[in-house]
Amino acid sequence: MKKFRKVLDGLTTSSPVNIGGAPLCSSTAGTPTAAPTPREIEVVETLVSENFQICKTVRHGFPHQPTALAFDPVQKILAIGSRTGGVRILGRPGVDCYCQHDSGAAVLQLQFLINEGALVTACADDTLHLWNLRQKRPAILHSLKFNRECITFCHLPFQSKWLYVGTERGNTHIVNIESFVLSGYVIMWNKAIELSTKTHPGPVVHLSDSPRDEGKLLIGFESGTVVQWDLRAKKADFRIYYDEAIHSVSWHHEGKQFMCSHSDGSLTTWSLRNTAKPFQVTFPHGKTQRDGRKPESCKPILKVDYKTTRNSEPFIIFSGGLSYDKANRRPTLTIMHGKSITALEMDHPIVEFLTLCETPYANEVQEPYAVAVLLEKDFIVVDLTQSNYPIFENPYPMDIHESPVTCTAYFADCPPEIIPVLYSIGAKHKKQGYSHKEWPVSGGTWTLGAQTYPEIIITGHADGSIKFWDASAITLQMLYKLKTSKVFEKPKVGDGRVAELVEEDPFAVQMVSWCPQSRLLCVVGISAHVILYRFSRHDATTEITALEVRLQCDVEEPISPSETDANTGLLDASLHSPQHPPGSPGSATPDSVRDSIPCLRVKNRPIRMPPGYQADLVVQLLWVDGEPPQQITSLDINSAYSLLALGNCNGLVVVDYLQKNVLLCMSTLELYGSNDPYQRLTRSPRKSRQFAAGLTELTDNQVSLELDRSRSPTSGHRQKGDQMSTVKGPGRKLSLPTDLKTGLDHVNGHCTSPTSQPYGAGRPKLNRRGPSRPPFRKVQSAACMEVSLPAPHTEGCASRRAMLQQLHGYSVYSHDEQHSTAYSWNERESRENSFSRSRSSSVSSIDRETKEAVTVLRFMESYAHKVDAVPSACLWVGTSLGVVLVIALSIPTDEEERLEEPVTVMPSGTVLTIKGSVLTFGSLDCNGSLVSIPYEVWRDPHAPEDPDCPRRRKLVNFSPSTSQDTPGEGHLAVVCSEKQAKVFFMPAQTCLYVHHITETSFVLRADVVSVYNSVCLACFCANGHVMMLSLPSLRPLLDVNFLPLTDMRIARTFCFAEGGQALYLSSPTEIQRIAYSQDMCDSLQEMLGELFTPVETPEAQNKGFLKGFFGGNAQTFDREELFGEAAAGKASRSLAQHIPGQGGLEGMKAAAGGVVGDLARARMAAEERGQRLGELEERTALMMSSAEMFSKHAHELMLKCKDKKWYQF
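Below, the structure is given as structure tokens:
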């Protein structure tokens, strides 16, 4: 605990001592007329470095790019392997574990050691791994790396410790699971096939032991050869040769016949009595020929399962095998039961399926009850006990990616009543028709942890949907789904403009702002619109109000200081009307210039809205002069003020959603007034027009496309002019402060806008967009952004700009006279890299003009001026040039006056500066406590009125002075940018602390969060570092290189939450949650579920005497006698290499901690000591044996030589 004392005067004396060691700064606003009386502030900081630790907690969603599936029929747990080396192990709800192979190699196959609490994984790097599942965090015990052969198939018999491994060369090796070493017993491919065979049989695609005799191993080769190998006699019992390639083999439980699936879509059944030819060949989906010829070939049957039942016909289940003439057929799982054939069409390709049976014994009647089907983007379980084969309701959140995720938000410690309310409303819209039986994957145990509180995750999607998830106690369950597309008219085929958008994502969600206390929800869409939702328990039929805002900046004509107020930022807004202007969507023609129309059309009729979130207001930015509006980059809403603010690279809009009108709509430049920190010089316009939407400067045609990909963090898109001559845009020149120039050295552009081009006299109007192009780009969802980022030092600037541009969602089109092209993120990134190395020398930094984007907005109680004695409602605005502006708000306090009297919004002239684009704001009182945002307590807008108890607004205010003895003491304002963090004292506007967060990288996400009943600043940098800074002193508390940033998905979806948690989208289908507080990491162990529970292995059925006498019982044999070192010898050391895993003593050493760790270390020390003593005893016994042998040989030599003469030697 440390106490800081500061004297604040804001005018005279020296600057306060800086803890971070960086130079301090002060406001650039005008000199105040008065200053508050200097007072002593005592800030007690309780946070220390020991309070923080980073760890991954749990992963939700569907495994990305799945490759393998396994099931333990006794433990009832399931494992899914992926192409990136991940393994998800699932049990009952709450039992969900994620493991990752360090190599990142794809998982080819999974094998449970049934009821043993272990799992074997075979990876694409030809390595076998043994995982220990008897701990909450599984770890690798052993690994075996094959050096000369590639693994193709593995088989582990039930209750056996010997694993059969087939290879690409056709050989079969045997691995001891306990020691994870190879046996000297090898089945070579040339021994398995006949000597007369001239061709190689191909890789091993199947291995299984006979249900009748475990000493017989069935080996299937890809070419169509099947061999039954007698393990005792070391020879082949029989060989089968078939013309078609084999994909899988399945035994009948009696072991007298088996079934094969082939590449021509056929199923062959073979009897062991006659292996010369199959006794049955079927083409389940093939057309039967009239002349009795062989049916037409079909698609390959990739897998078949042959399962028997006691009371009915056997089940034959297979995937694939459809006829080639049925094009565009969905992937199918076929279930043949008796004479009925049922084809279940799937939404995605089938990766793998498993038939779940009652018994783990292969020689018993299987009694299948379900089929687990792993699809490319889903996981389902089919109920086989009902004739219509319904699916089970999946308790896991496997549908996060139902539509690509475009944004996320994480809210911890929500009001406790919000989750039941959302669940009750969302349950009314759940799908029906599921199986009534319980979910069959029910293994493991899970209990509710001690540290549980309501948590909600919100995901926005490309189709415009919003999903609310209950994330309490490290689980995830969907509560409620909202479709924002219902607010707008559906696209019509005949609509000239809308027809272009059929394959686009016009409703994609870009940003979400949610107030849990007032239950207000604000959604920003890709089409430059904002939808305000209110929550109601009752349905309603209302008409949605639409506000259309024309947001532009006038940049073509030269602007002198006297003309600023008259000509800059001419903006207007109007209420939505059913009558559209001539350029409206309904009347747009290919040759018309769209102007003053929105991208989407709001429904202009009364709409029935079900209980839940109901649309109340839509704010839309309009097209101007044939160019679409810029995407919205910042948003904030405050229920206590009933105000909504949004900003983009053109300017700022403030909306009163109570009175449904626009209060402020002006460009960023106009917000400065006379306190502009930059020296903006007037320039004369050039003859060529500029059609751009962001930071740009067009030079020659050679580099124009590359310029399009080298934008500032908050720039819009740039366009290529219709002439090759250089075009200079606005009439103001920016002279940047020294601390801002570094971050903008590589930005060559100026302040222009596609919505701001006034045409001069006699200048022709040019339609810069081709008639067939959509008005905005296809959404870059957070799920589909995968790009390798360059190092931050060498090519970091252009990549950083482009990354932040994607992060804030600006438009990325490049237009010319003939066409415009939307480049994929990978293409844009590669062009950025090339441009950063080959920029035209003709582009001079002195000709640079920069447009400021509004990057962050925050309503709070603060001081708009230095002379203010008491705090008032303010709007803090942060820009891409590192400038903080304070907007003063004058709001009527009386409820009736609030509905009638106008709200006054006025730029105060207060300007603060910081290096880099502003990311977040925070407010602390003079004791260092977080000042919460005022809000209005929720009330149902459609609840029936009670005449005896009229409803009134109930506001909860958190003023910075509420905790002080006297008003007007001020508060501390926290400002964080991509480079720095500063703490200002308000209203003196004095910079108390400054900390340079990073020099070589930049901050992507920053939030002021509460943890341990205190407050800190959490930052996530582009170089993967997670940092924690104390407040207000900005002391570094944590700096961990935790998450290498490999794609834009992480940058767009990473967000911090209160209480020491955070999350990000780790893949297009999965959400990864992390903890950054020590308490959360310590309590994680008790919050996780147990994968292994002690269960008695079911006993094998006791078959009758007659059945056993006539060969019905399976023969057992001792594999140790055949495969052990004594009988088979040792395998060649060069064939495979044993690698000790981290799950042994070494891993336990690293993971041990606390009292339990001390006990574990003591136990490990005892085990190590015992191990050393054992080794010493073995060494001593070996030496004694060697000494006895030497004595014996010496004695024999003495007896032999005793009677010999010297000449006889």
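With this note's numbering applied, the sequence shown has no gaps in its numbers, which climb one by one up to 1221 at the end. We treat Cβ as the ideally placed atom computed from N, Cα and C, and that holds for glycine. Note that the structure is predicted; figures quoted are calculated from it, not measured.
Item	Value
Distance, leucine 1075 Cα to glycine 1159 Cα	Reliability of the predicted coordinates at glycine 1159 is poor, the pLDDT of 41 falling under 50, and the value obtained from them is presented with this limitation in mind. Distance between the alpha carbons of glycine 1159 and leucine 1075 is about 26 Å.
Proximity to serine 454 [Cα-Cα], best of Gly1136, Gln1113, Gly1101	Gly1101
Minimum C-alpha distance to tyrosine 318 - residue among Thr1058, Ile362, Asp225, Leu366	Leu366
Status (buried if at least 16 other CB within 10 Å, exposed otherwise) for proline 946	buried
Beta-carbon proximity check, isoleucine 431 vs proline 466, cutoff 7 Å	yes
Top-ranked residue by Cα proximity to isoleucine 205, from Ile1083, Gly236, Pro1044, Pro312	Gly236
Sequence-distant residues of its chain with Cβ nearer than 6 Å to histidine 877 (five each side left out)	Ser920
The segment 516–536 / the segment 419–431 touching (three or more Cβ pairs under 8 Å)	yes
Spatial distance of arginine 71 from lysine 493 (CA atoms)	21 Å
Beta-carbon proximity check, threonine 932 vs alanine 1000, cutoff 7 Å	no
Buried versus exposed call for cysteine 611 [16 or more other C-beta atoms within 10 Å across all chains shown]	buried
Exposure label - glutamine 398; buried when at least 16 CB within 10 Å	exposed
Minimum length 3: unbroken beta strand (DSSP E) runs contained in the segment 406–443	417–424
Per-residue burial, isoleucine 413 [other beta carbons within 10 Å of its own, 16 or more giving buried]	Before going further, note that residue 413 is histidine rather than isoleucine in the sequence given. So histidine 413 counts as buried.
Among Asn687, Ser1022, Leu675, Thr420, nearest to leucine 1077 - alpha-carbon criterion	Thr420
DSSP-derived helix/strand/coil call for valine 499	helix
Which of helix, strand or coil DSSP assigns to glutamine 77	coil
Whole-angstrom distance between isoleucine 252 and asparagine 286, CA atom to CA atom	10 Å
For threonine 1065, the first and last residue of its enclosing alpha helix (DSSP H)	1060–1065
Presumed contact (8 Å Cβ cut-off) between valine 1027 and leucine 1043, rounded CB distance	5 Å
Contact set for lysine 1212: own chain, Cβ-Cβ below 6 Å, skip 5 residues either direction	none
Residue burial classification, valine 1107 (beta-carbon count within 10 angstroms, cutoff 16)	exposed
Simplified DSSP assignment, three categories, for threonine 1002	strand
Element boundaries [beta strand (DSSP E), containing threonine 554]	552–554
Reference methionine 523; option with closest CA among Glu1137, Thr139, Ser1144, Arg1064	Arg1064
Within 7 Å, strictly: CB atoms of serine 335 and histidine 360	no
Coarse secondary structure for isoleucine 347, derived from DSSP in three states	strand
Per-residue burial, glutamine 112 [other beta carbons within 10 Å of its own, 16 or more giving buried]	exposed
Residues bridged to histidine 218 (per DSSP)	Gly232
Reference threonine 459; option with closest CA among Val107, Val499, Gln1149	Val107
Identity of the residue in Thr891, Pro78, Ala80, Val86 nearest proline 1110 by Cα	Val86
Enclosing alpha helix (DSSP H) for arginine 285 [first to last residue]	Counting along the chain, arginine 285 falls outside any alpha helix (DSSP H), and DSSP gives it neither H nor E.
DSSP-derived helix/strand/coil call for tryptophan 263	strand
Test item: CB-CB of asparagine 127 and proline 223 under 7 Å	no
For isoleucine 486, three-class secondary structure by DSSP	helix
Own chain residues within Cβ distance below 7 Å of histidine 1205, not counting five before or after	none
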